[in-house]
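Data first, discussion second: the structure below is written as structure tokens.
There are 2 protein chains.
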Amino acid sequence: MITPPYLLFLGDAPDRLAAKVAQGIRDWRPDYAVGQLRLPGCKADLGLPDLSLEAAREAGAKTLVIGVANRGGVISETWKAVLGEALAQGFDLAAGLHNLLRDEPELVEAARSQGRSLHDVRIPTVKYPIANGEPRAGKRCLAIGTDCSVGKMYTALAMERTMLERGMKATFRATGQTGILITGGGVPLDAVIADFMAGSIEYLSPENDPDHWDIIEGQGSLFHPSYSGVTLALIHGGQPDALVLCHEPTREHMRGLPGRDLPSLEAVRDLGLTMAQMVNPAAQVTGISINTSGLEEEAARDYLAEVEERMGLPTVDPFRHGAGRLVDALEAV
Amino acid sequence: MITPPYLLFLGDAPDRLAAKVAQGIRDWRPDYAVGQLRLPGCKADLGLPDLSLEAAREAGAKTLVIGVANRGGVISETWKAVLGEALAQGFDLAAGLHNLLRDEPELVEAARSQGRSLHDVRIPTVKYPIANGEPRAGKRCLAIGTDCSVGKMYTALAMERTMLERGMKATFRATGQTGILITGGGVPLDAVIADFMAGSIEYLSPENDPDHWDIIEGQGSLFHPSYSGVTLALIHGGQPDALVLCHEPTREHMRGLPGRDLPSLEAVRDLGLTMAQMVNPAAQVTGISINTSGLEEEAARDYLAEVEERMGLPTVDPFRHGAGRLVDALEAV
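Sequence order for the protein chains is L and C.
Quick note on full-length UniProt numbering: the first sequence kicks off at 1 and runs consecutively.
Quick note on full-length UniProt numbering: the second sequence kicks off at 1 and runs consecutively.
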């Protein structure tokens, strides 16, 4: 687990999108975000106090989180100077970069000599078990999508927030690098060895109180040929009681696969249920989450109403209009 | 690729089953099997000449293949002495053990100083691509099962043999450690990183002549919660034109999961087709392979006839009665 609270390193982010990890922490774990650290030329701004390393330490920050994608697959000398200084001042470091902190000898040596931790959330550090498929106490909700990157993580985080506001027992369970950095822990499922994928999700979502909900972050899509196996492992390891279908209506083809159409929500519902009921016969689809960011307000409301009518399930954009109706449906399970 | 022919190391195998990798090579690549090397106490016997390292080298053997499971997860000192001597005499070594040859410093040093290769087929050595899902020339057949270990590898090897005997263009594509050791190459799919599973199968089964068949070794089952994601990646990466359903009728529960029933052949057919047709709309189920080793001859024939009648597909035990009818069905595709 990564120790909060954080100072968010935005580096020399060329635009706001490059800092989406930091933005996610800012949006979903604002208590963790003490301030931001920006280098000259940084074009991103989270609206947090700009703090020096010293000021952030005084404000209680424990970990410098790299909340920005780097360029060219290397950690630049400019970055390394800041990261090394952070270690010297007592920060742990956390990053989800493809090039690992642990592969930088200067940082490894500085962390060792200072007794600090380097968290590379890109790859697993746990030896996960092989899944046993046994039922476990507690309830689980999983978002499954028509495609990759249609809003599954935001849906799960929005549901968790609403559930906690209502006093329900709920825990978001991260399965991707951004989700892990936002919440401080989880399983980087795309980097897990094939045989242990489902087992890693059983590990991530263990037995719990009967009225506790794990809201498990979805990945990929059963219909995406590059990543479908990851999605199926998530369903079979997660044993969801509730499935939420996620979709982005302006997507013209499956992500990264020009010419390949997205499946219908009906197809995702039917196949998702078939797969989930293999391990949990009581599994049901409880709602639909639409990422309407590509639609104007009126078009968004029309689209949501059309899908709700067609599918007979509560249909919302949780980021735009709140996750309340998705949570109502879980309360009715 | 592992260089044939082989001397098969049976070590101190406590029984015949412990030497099943060597038996597979003996059965399916007899041209590769120059002889066997047994230590005192070995209870397995492939019926091959017992050769010393020197005699095997003289007979042309290039690689000493460890064809036996070891005990306790360590490579014993007794084994290491033999393996070191083999390297000194000019053999490469190949093994599918969980404990890797490359993790034994003496063997690494001996291989380096002799200019020999250590092949650990347990883990991948290739950086596989992410799957692109694009159609590619050539035809592909994949065995999918009601469970793990129901005869998928033997079915594929038997089909390949029959096809080659008929002068068809066919290549068995190994996806597991035993299959890799038998044929000298392949993808150890259970050890591939999640994001690259489907891509590894695209890599394994590239574009080929339009009348060439890859017979891809199946793994796991869509219905086995521990490994289903691996199976789905195999279907989506393999883009099979033909599916062969595999089943073992005396199995009482899913492998390793007491209390969990096997799915019906109908369920495997329907879900397998749904998944395969996502990436290859022309995919069809062409036959059924039953492992009848647990049945007497008459019971086996009755069972095969009953399934054939019920399913309307050629149904055989290819190991017991030959794979001819499964291959007839491919010729009709």
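Don't be surprised by glycine CBs; every beta carbon is placed ideally from N, CA and C.
Could you tell me which of the options sits nearest to residue i, measuring between CA atoms?
i, options, result
"Ile144/C", "Asp317/C, Leu222/C and Ser226/C", "Leu222/C"
"Val82/L", "Asp190/L, Met197/L, Leu10/L and Gly272/L", "Leu10/L"
"Gly179/L", "Val121/L, Leu7/L and Asn99/L", "Val121/L"
"Pro135/L", "Gln284/L, Leu271/L and Asp241/L", "Asp241/L"
"Leu157/C", "Ser200/C, Leu257/C, Asp27/C and Ile235/C", "Asp27/C"
"Leu101/L", "Gly90/L, Gly73/L, Gln89/L and Tyr128/L", "Gly73/L"
"Ala18/C", "Gly96/C, Ser293/C and Leu262/C", "Gly96/C"
"Cys148/L", "Arg112/L, Ala94/L and Gly229/L", "Gly229/L"
"Cys141/L", "His212/L, Asp261/L and Tyr128/L", "His212/L"
"Thr125/C", "Cys42/C, Leu189/C, Lys20/C and Leu37/C", "Leu189/C"
"Gly41/L", "Ile123/L, Glu77/L and Asp12/L", "Asp12/L"
"Glu109/L", "Asn99/L, His98/L, Gly84/L and Gln89/L", "Gly84/L"
"Gly312/L", "Arg269/L, Asp31/L and Pro210/L", "Arg269/L"
"Lys317/C", "Met1/C, Leu8/C and Thr155/C", "Per the sequence shown, residue 317/C should be read as Asp rather than Lys. Among Met1/C, Leu8/C and Thr155/C, the Cα nearest to that of Asp317/C belongs to Thr155/C."
"Leu39/L", "Arg255/L, Glu77/L and Asn99/L", "Glu77/L"
"Pro258/C", "Asn70/C, Arg310/C, Pro281/C and Pro225/C", "Pro225/C"
"Gly218/L", "Ser264/L, Pro281/L and Gly151/L", "Gly151/L"
"Ala267/L", "Leu245/L, Asn99/L and Glu58/L", "Leu245/L"
Just the chain C side, please: which residues come within less than 7 Å of residue i by C-beta, in chain order?
i, result
"Ile193/L", "Ala191 and Ile193"
"Met197/L", "Ala194 and Gly229"
"Leu232/L", "Ser228, Gly229 and Leu232"
"Ile130/L", "Ser226"
"Leu100/L", "Under the 7 Å cutoff, chain C gives no residues; its nearest Cβ is about 14 Å from Leu100/L."
"His253/L", "Going along chain C, no residue has its Cβ under 7 Å from His253/L, so there is no contact; the nearest lies around 11 Å."
Counting only Cβ pairs nearer than 8 Å, list the residues of chain C close to residue i.
i, result
"Thr274/L", "Leu271"
"Ala143/L", "Chain C residues near Ala143/L: none, gap ~17 Å exceeds 8 Å."
"Ser205/L", "The contacting residues do not exist; Ser205/L stays about 14 Å from chain C at best."
Looking only at DSSP bridge pairs, what is residue i linked to?
i, result
"Phe91/C", "DSSP, once it has assigned bridges, lists no residue as partnering Phe91/C."
"Leu118/L", "Leu93/L"
"Ala143/L", "Val244/L"
"Gly287/C", "Val244/C"
"Phe196/L", "None, per the DSSP bridge assignment."
"Phe172/L", "Ile215/L"
"Leu7/C", "Gly35/C and Leu64/C"
"Thr315/C", "Ile288/C"
Quick one: residues in its chain with C-beta nearer than 8 Å to the C-beta of residue i, no 5 flanking neighbours on either side, listed in chain order?
i, result
"Asp195/C", "Ile130"
"Gly60/L", "Pro5 and Val34"
"Leu295/L", "Pro249, Thr250 and Tyr303"
"Ile80/C", "The residue asked about is misnamed: residue 80/C is Lys in this sequence, not Ile. Only Glu104, Glu106 and Leu107 meet the Cβ criterion."
"Val327/C", "Met159, Thr162, Met163, Arg166 and Met168"
"Asp209/L", "Ala137, Gly138 and Lys169"
Note down, in chain order, each residue of its chain lying with its Cβ closer than 6 Å to the Cβ of residue i, except the 5 sequence neighbours on either side.
i, result
"Leu271/L", "Leu222"
"Ala233/L", "Met197 and Ala198"
"Thr315/C", "Ile288, Leu304, Val307 and Glu308"
"Ala86/C", "Leu53 and Leu64"
"Arg116/C", "Leu87 and Asp92"
"Asp15/L", "Lys43"
"Ile2/L", "Thr63, Ala94, His119 and Gly184"
"Ala300/L", "Thr292"
"Arg325/L", "Pro314 and Val316"
Which residues in chain L have a C-beta closer than 9 Å to the C-beta of residue i? List them in chain order.
i, result
"His212/C", "By Cβ distance, chain L contributes nothing, its closest Cβ being about 22 Å from His212/C, past 9 Å."
List, in order along the chain, the chain L residues whose C-beta lies closer than 8 Å to that of residue i?
i, result
"Arg260/C", "Gly133"
"Ser264/C", "Chain L residues near Ser264/C: none, gap ~13 Å exceeds 8 Å."
"Leu64/C", "Ordered by position in chain L, no residue passes the 8 Å Cβ test against Leu64/C, which lies about 27 Å from the chain."
Using a cut-off of 9 Å between C-beta atoms, extract the partners of residue i located in chain C.
i, result
"Met311/L", "Within chain C, no residue comes near Met311/L; the closest Cβ sits about 20 Å away, beyond 9 Å."
"Leu97/L", "Those do not exist, as Leu97/L stays about 16 Å from chain C at its closest Cβ, beyond 9 Å."
So which residues of chain L does residue i contact, with C-beta pairs closer than 7 Å?
i, result
"Phe223/C", "Met278"
"His247/C", "Simply none; closest approach about 17 Å."
"Arg243/C", "Reading off the sequence, residue 243/C comes out as Leu, not Arg. None at all; the shortest Cβ gap to chain L is about 16 Å."
Only counting the same chain, and skipping five residues up and downstream in sequence, which positions put a Cβ closer than 7 Å to that of residue i?
i, result
"Ala283/L", "Pro240, Asp241, Leu243, Leu273, Ala276 and Gln277"
"Leu330/L", "Cys141, Trp213, Ala242 and Thr286"
"Thr183/C", "Arg29, Phe172 and Ala174"
"Val279/C", "Gly133, His236 and Gln239"
"Gly186/L", "Arg173, Ala174, Thr175, Gly179, Ile180 and Leu204"
"Val192/C", "Pro124, Tyr128 and Ser200"
Return yes when at least one heavy atom of the ligand COA lies under 6 Å from the C-beta of residue i, else no.
i, result
"Asn280/L", "As for the ligand COA, it is missing from this structure, which has no ligand bound."
Beta strand (DSSP E) segments (min. 3 residues) lying fully within the segment 199 to 272 of chain C: 212 to 216 and 242 to 247, all fully within the segment 199 to 272 of chain C.
In chain order, each alpha helix (DSSP H) run of at least 4 residues that lies wholly inside the segment 9 to 66 of chain L: 20 to 28 and 53 to 58
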